[in-house]
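Here's the structure we're looking at; comments come further down.
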Amino acid sequence: MLITTNPSLLTIAQRMGSIRPLIQLVRDDKVNDLQQFEALLSLTNLASADEETKGRIVAEKGIATLSYAMYSDHEMVRCAATEAMVNMVSHPTVLEEHFSDSEKLKVWLAFALDYEENFECARAASGGLAMASRDPKVAEVLSTMKKLGEMVKTLLECGNLELMHRMLVIILNMMDHGKQCKEKMISCGALAFCAAYADSYHDGSMADNLEFSAADRGALKVTVDLAKEIVKLYN
Numbered sequence: 038m039l040i041t042t043n044p045s046l047l048t049i050a051q052r053m054g055s056i057r058p059l060i061q062l063v064r065d066d067k068v069n070d071l072q073q074f075e076a077l078l079s080l081t082n083l084a085s086a087d088e089e090t091k092g093r094i095v096a097e098k099g100i101a102t103l104s105y106a107m108y109s110d111h112e113m114v115r116c117a118a119t120e121a122m123v124n125m126v127s128h129p130t131v132l133e134e135h136f137s138d139s140e141k142l143k144v145w146l147a148f149a150l151d152y153e154e155n156f157e158c159a160r161a162a163s164g165g166l167a168m169a170s171r172d173p174k175v176a177e178v179l180s181t182m183k184k185l186g187e188m189v190k191t192l193l194e195c196g197n198l199e200l201m202h203r204m205l206v207i208i209l210n211m212m213d214h215g216k217q218c219k220e221k222m223i224s225c226g227a228l229a230f231c232a233a234y235a236d237s238y239h240d241g242s243m244a245d246n247l248e249f250s251a252a253d254r255g256a257l258k259v260t261v262d263l264a265k266e267i268v269k270l271y272n
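In my numbering, the protein residues as written are 38 to 272.
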């Protein structure tokens, strides 16, 4: 029920009362992967409710549990844990204790790069980084990561508009923070790509040759607008 029910329809007691047993289920190494997966989906749903619910998940040591589940051998469990963490990004403790830790960030970059093997997890990971990189401390740590340049290049050139969108948001955030974050984006070729991309697709005419659906055309426009904004930040 907790997987699909809109959490806003639950009472506060129902939401809060379900968090501890769900986290315990994820921690329990005696349960099977399906049980862990379903518990993680439920936590993902609950974490989308409000800051109070996120705070309870943090208070119940849920961040350490979700972080541990991201290392699961089971692909779907890893993905569900990542998606749950994405819904927790707005909580200050998550930014401070998880996304500001370079060792933990390595996992997010690795997941984002693995889009050919696990697209859903890569989409979640890149989305989480796009949200977390708005925080200046997270952005500063991210700028020191050895794999950042590879992630920028790979996701910008992957051909998938969803992943490109997320990567462009990360670049925009990094450019906006200035200093070493901005310098890192310039040095890894992000600015040059954005300038060329915006120049190629600025008026939408080249999209006519790509046989895009209406949805893809809309997504393309979003990415082009982001690229333009990034170039403006440099100029």
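All C-beta atoms, glycine included, are put in the ideal place defined by N, C-alpha and C.
Look at Ile49 here: in three-state DSSP terms it is helix. In the three-state scheme derived from DSSP, where H, G and I count as helix and E and B as strand, Met182 is classed as coil. Within the model, the alpha-carbon separation for Ala149 versus Gly54 is close to 33 Å. For Val178, the CB contacts under 7 Å within the same chain, skipping 5 residues up- and downstream, are Ser137, Ser139 and Leu142 in chain order. Counting C-beta pairs with one atom in each stretch, the stretch 182–192 and the stretch 148–163 have three or more that are closer than 8 Å, which means they touch. Ranking Leu205, Glu134 and Asn69 by CA distance to the CA of Ala235 puts Leu205 first. Val189 carries a helical assignment under DSSP once its states are collapsed to helix, strand and coil.
In the three-state reduction of the DSSP assignment, Gly226 falls in the coil class, being assigned neither a helical nor a strand state. When DSSP states are grouped into helix, strand and coil, Ala159 belongs to the helix group. In the displayed model, Val175 falls within a helix according to three-state DSSP. Counting only residues of its own chain and dropping the five nearest sequence neighbours on each side, Leu185 has a CB closer than 8 Å to the CB of Leu146, Leu179, Lys221 and Cys225. Boundaries of the alpha helix (DSSP H) harbouring His202: Leu198 to His214, taken from the DSSP string.
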